[in-house]
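Protein chains: 2
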Amino acid sequence: MKTLIVYAHPEPKSLNGSLKDLAVSTLEAAGHTVQVSDLYAMNWKAVVDATDFGADASSRLNVALASGRAFDAGTLTADVHAEQQKLLWADTIIFQFPMWWYTMPAILKGWVDRVFSYHFAYGVGEHSDTKYGERFGEGTLVGRKALLSVTAGGPESHYAARGINGPIDDLLFPIQHGILYYPGIEVLPPFVLYGTDRMTDENYPAVAEAWKQRLLTLESTEPVAYRRQNFGDYEIPSLHLKEGLEPAGRTGFGLHTRG
Amino acid sequence: MKTLIVYAHPEPKSLNGSLKDLAVSTLEAAGHTVQVSDLYAMNWKAVVDATDFGADASSRLNVALASGRAFDAGTLTADVHAEQQKLLWADTIIFQFPMWWYTMPAILKGWVDRVFSYHFAYGVGEHSDTKYGERFGEGTLVGRKALLSVTAGGPESHYAARGINGPIDDLLFPIQHGILYYPGIEVLPPFVLYGTDRMTDENYPAVAEAWKQRLLTLESTEPVAYRRQNFGDYEIPSLHLKEGLEPAGRTGFGLHTRG
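In order, the protein sequence lines correspond to chains A and B.
Quick note on our numbering: the first sequence kicks off at 1 and runs consecutively.
Quick note on our numbering: the second sequence kicks off at 1001 and runs consecutively.
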């Protein structure tokens, strides 16, 4: 495998830092090639603005159109271009981050906002009354797999089906389906550690062992069975899921997973 | 009303910029007081790091504990302190932003990550085997209301109950429930504009009129009926919703809304 690890935590000695280090050593020992985008160490620019596109202050900035023009012309900034090249190089992408306020830290959201440019990650393919792009199962990054490895401060029960935070699969859906599956990446079931606020050093060996097992079985792990947009499951042009395709009682985000 | 508008768009002449300007003029004309946090104009620092807490590089940074210590000692940075004071001053908070990858732009996530510090927005109240904090209906910001005003590029049907993006209420749940209701803010139904990728200047007068009507009826608008954590609806300590409280067939995020 050629694995890109996108890592977002400010503290190298954190649990997230340890899990990132363990991923590198485990995958390399198994003969895989690894690149790491350590966003804090890179001092990653998190905020999209006019300087990304060399726009002068007098013109009206449309982020989508400006990023698409820059992508087409090969004039995206060097930092963004390098990340796009890493994504094209990789066959597997691991995101290692803490859940902050039920989603990714700002620095990682800023990586998405800037790297997933128009014409690279969205605005790909025909957009008309009969087709709304090549996305959700098609797109620039098709053929790749991704895995979220996340830490959550609260206990697992809070993220269960009836838990107060909402089910973890639903909390991660906007990332897994909306960001990763959108440009064609298949998504493996996430590796989630709960209760990390109260975790001690004594808990780490078991955690590390579980993480190693996930890493060493990535190639045989089945992705989440999200439905492809353009292969018959959705009405055109509404992109409503056709009636009757889902198991009885299934609603919400769960509709967009088969079976 | 004392209204804080937190605004996150890089282009003053954008639709988001116009909606922000219209909110200011409409509310002021109606006799209300308005403050605006224009995150791009403020060059808001989006990324939490050790410099926020004057931590020296040799110590291991725990963001929660460091932000709580700084909050308690009154040593949070001036930019973060000012935003916390605005939140305490306001009775109504409007967030104006574009949906980028199904959630808020990085600069706004970074406002949350830094301003919603430990002991201010979380880690408030007793945390024991019989209570898990004062949150979801209690907390520092109780008595305030918030409204998301968001623009979405895609058409409304994509965000419907069976739409491919998932229902808009579910996409906004991690923000509305997980970020805003968590420290006690009541959440008004969002103002969502769809299809903004194809919107023209001709569409603007109707949009502006609809937005003005929402703004002028904020005080009589009923908040979303999220369930309070500590008033009998949840099992302790699992924080599972008690069986039988929900309408038949309700699942997922919807469980945490009454009625």
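We treat Cβ as the ideally placed atom computed from N, Cα and C, and that holds for glycine.
Separation of residue j from residue i, as counted between CA atoms
i, j, result
"A/Arg-228", "A/Gly-17", "34 Å"
"A/Asp-197", "B/Leu-1065", "10 Å"
"A/His-119", "A/Gly-125", "9 Å"
"A/Ala-206", "A/Met-199", "11 Å"
"A/Ile-93", "A/Leu-15", "19 Å"
"A/Leu-180", "A/Ala-50", "25 Å"
"A/Ile-168", "A/Ala-70", "36 Å"
"B/Glu-1235", "A/Ser-157", "10 Å"
"B/Asp-1072", "A/Gly-139", "49 Å"
"B/Asp-1052", "B/Phe-1136", "27 Å"
"B/Leu-1193", "A/Pro-105", "26 Å"
"A/Ala-29", "B/Phe-1191", "52 Å"
"B/Glu-1219", "A/Glu-202", "52 Å"
"A/Val-24", "A/Ser-238", "43 Å"
"A/Pro-12", "B/Lys-1109", "22 Å"
"B/Tyr-1182", "B/Ala-1121", "8 Å"
"B/Val-1006", "A/Thr-221", "42 Å"
"B/Trp-1044", "A/Gly-259", "45 Å"
"A/Asp-21", "A/Ala-82", "22 Å"
"B/Leu-1255", "B/Asn-1230", "16 Å"
"A/Gly-143", "B/Phe-1173", "31 Å"
"A/Thr-26", "A/Leu-216", "8 Å"
"A/Gly-166", "B/Met-1099", "21 Å"
"B/Gly-1054", "B/Thr-1075", "9 Å"
"B/Arg-1214", "B/Ala-1208", "10 Å"
"A/Gly-178", "B/Ile-1164", "10 Å"
"B/Gly-1232", "B/Thr-1130", "12 Å"
"A/Ser-58", "B/Ala-1041", "15 Å"
"A/Lys-212", "B/Asp-1038", "44 Å"
"B/Gly-1031", "B/Arg-1114", "31 Å"
Opposing strand residues paired with residue i [DSSP bridges]
i, result
"B/Glu-1186", "B/Lys-1145"
"A/His-158", "A/His-158 is not bridged to any residue."
"A/Tyr-194", "Partner(s): none; A/Tyr-194 has no beta bridge."
"B/Leu-1004", "B/Gln-1035 and B/Ile-1093"
"A/Val-150", "A/Phe-97 and A/Val-192"
"B/Thr-1103", "B/Trp-1100"
"A/Thr-257", "A/Tyr-226"
"A/Gly-166", "According to DSSP, which records beta bridges pairwise, A/Gly-166 is partnered with nothing at all."
"A/His-127", "A/Tyr-132"
"B/Tyr-1118", "B/Tyr-1122"
Beta-carbon gap between residue i and residue j smaller than 8 Å
i, j, result
"A/Val-187", "A/Ala-146", "yes"
"B/Val-1047", "A/Ala-46", "yes"
"A/Tyr-226", "A/Thr-251", "no"
"B/Leu-1004", "B/Leu-1061", "no"
"A/Val-150", "A/Phe-116", "no"
"B/Ala-1160", "A/His-240", "yes"
"B/Gly-1244", "A/Gly-249", "no"
"A/Val-224", "A/Pro-189", "yes"
"B/Gly-1133", "B/Gly-1068", "no"
"A/Gln-176", "A/Leu-148", "yes"
"A/Gly-195", "A/Pro-155", "yes"
"B/Ala-1090", "B/Lys-1002", "yes"
"A/Tyr-102", "A/Leu-171", "yes"
"A/Val-34", "B/Pro-1010", "no"
"B/Ile-1107", "B/Ala-1210", "no"
Chain B residues whose Cβ lies nearer than 8 Å to that of residue i
i, result
"A/Arg-60", "Glu-1011, Lys-1013 and Ser-1014"
"A/Phe-136", "Ile-1164"
Residues that residue i contacts on chain A, provided the C-beta gap is smaller than 8 Å
i, result
"B/Tyr-1204", "Within 8 Å Cβ-Cβ: nothing; B/Tyr-1204 doesn't reach chain A, min ~14 Å."
"B/Phe-1116", "Trp-101"
"B/Phe-1071", "In chain order: nothing, as chain A lies at least about 16 Å away."
Interface residues of chain A facing residue i [CB-CB closer than 7 Å]
i, result
"B/Ala-1146", "What B/Ala-1146 touches in chain A: nothing, since even the nearest Cβ is about 14 Å away."
"B/Arg-1162", "His-240, Leu-241 and Leu-255"
"B/Phe-1173", "Gly-166"
"B/Val-1112", "Trp-101"
"B/Gln-1229", "Ile-164"
"B/His-1158", "Leu-239"
"B/Val-1224", "What B/Val-1224 touches in chain A: nothing, since even the nearest Cβ is about 14 Å away."
Neighbour list for residue i in chain A, Cβ cutoff strictly below 9 Å
i, result
"B/Gly-1178", "Trp-101, Tyr-102, Thr-103, Asn-165, Gly-166 and Leu-171"
"B/Val-1048", "Pro-10, Trp-100, Pro-105, Ala-106 and Ile-107"
"B/Phe-1120", "Under the 9 Å cutoff, chain A gives no residues; its nearest Cβ is about 13 Å from B/Phe-1120."
"B/Gly-1195", "Result: empty, since nearest Cβ-Cβ is about 12 Å, beyond 9 Å."
Listed by chain order, chain E residues near residue i by CB distance under 9 Å
i, result
"A/Tyr-40", "Reference to chain E is not applicable here, since the protein chains of this structure are A and B."
Contained beta strand (DSSP E) runs [length at least 3] in the region 198-252 of chain A, N- to C-terminal order = none
Curious, which full-length alpha helix (DSSP H) runs of at least 4 residues does the region 55-80 of chain A contain?
-> 63-73
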